[in-house]
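Residue numbers (the working numbering), protein chains in the order written: chain B, 1 to 165; chain A, 166 to 330.
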DNA sequence: AGGTTATCTATCGCACGCGATATAATCGCG
DNA sequence: CGCGATTATATCGCGTGCGATAGATAACCT
């Protein structure tokens, strides 16, 4: 019959897929304390690092687009963590700004610790870093050509000539 | 200000999260040819290896539960790839069986190739295997211990102080 | 200037993932 | 045997992801 033995773990894509699910579940207790979902927490991380970013700017860092971010940001606004206001200079953009409550949440978050990394790697920080780098390298090779996010934001973009297709 | 520079890639959880998204996008062209979503494809993989499994059996392999699988399986049934029938011996269970169309899809799938693994690893199979193993090891350390139901009860002697909670 | 094109955000629809709960069948135990 | 506990699946609600598309505003071009 079709009793071909199947080991799903032989598929790299399933390994990553299922690992991401497992990580999500492992993060859940911490996020519940903050009252945030994981994507919401990522947005707060981005805003804690730099307030007043645009929807698109946040999306560049998180690899998300407005169809995902707009509803998410509205929920964060309803929860009282952020304000959403059109940029006066460019009315197409929406600037996301932390409220006092949103900034305060950062202190709560700092008090919490991601416990599962220690539990899994048992102090072997090098192994954790190596794995992290390999995974991000894999991701960056898969993503369509987009400028490396954090660094590009630092330097003022000199007007260059993008080669057109 | 709060201009702490943020490198999200320093977080292992974000690395995995974003890598899983990237892998999903990379798989999309292949899945579109098959007319399946990625979770649907995983279910088909499981069934191609062993037909006639129960909902729970499939869920064990994919780390999913009936709240996710039931609607997904109904869609596969609507698409004509599977049948869902109650097990005669145990009417609680639902057996999932491939249709002829479902089996035929396997041949189509075999003709397709996951191209991005080669593109990313450029023939370095060892690197791909090593990464895969590290990721699955991470996942397995994160997942709660699942005891094979009946067997664990046998070995357990009569220490009848159930954990109060 | 005016018309075209590009950019930015929002909206809609669908498919997961999952917590909470419901329902039905089976098991366990006196 | 009967009744409570357990198991298997289903249902409901919400929050993402994401393709497709719409709408408004800005940039561009001759």
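All residues carry an ideal CB built from backbone N, CA and C; glycine is no exception.
For residue 132 of chain B, same chain residues with a beta-carbon under 8 angstroms away, outside a window of 5 residues either side, do not exist. Just so you know, the alpha carbons of residue 242 of chain A and residue 249 of chain A end up roughly 7 angstroms apart. Around the C-beta of residue 180 of chain A, 16 or more other C-beta atoms lie within 10 Å, and the residue is accordingly described as buried. Annotated three-state conformation of residue 96 of chain B is strand, per DSSP.
With respect to residue 19 of chain B, residue 307 of chain A sits close: the two C-beta atoms are nearer than 9 angstroms. For residue 210 of chain A, the C-beta contacts it makes with chain B under 9 angstroms involve 6, 8, 11 and 14, in order along the chain.
Taking 8 angstroms as the upper bound for CB-CB distance, residue 201 of chain A and residue 220 of chain A are not in contact here, some 18 angstroms apart.
DSSP places residue 5 of chain B outside both helix and strand once states are collapsed to three, so it counts as coil.
Under the 9 angstroms criterion on CB atoms, residue 232 of chain A is classed as non-interfacial with respect to chain B.
For residue 58 of chain B, the uninterrupted alpha helix (DSSP H) segment begins and ends at 55 to 62. Against chain B, the CB of residue 220 of chain A has no partner CB under 9 angstroms away; the residue lies outside that interface.
When DSSP states are grouped into helix, strand and coil, residue 279 of chain A belongs to the coil group. Cβ atoms of residue 57 of chain B and residue 66 of chain B stay farther apart than 8 angstroms, at about 11 angstroms. For residue 85 of chain B, the uninterrupted beta strand (DSSP E) run begins and ends at 82 to 86, by DSSP.
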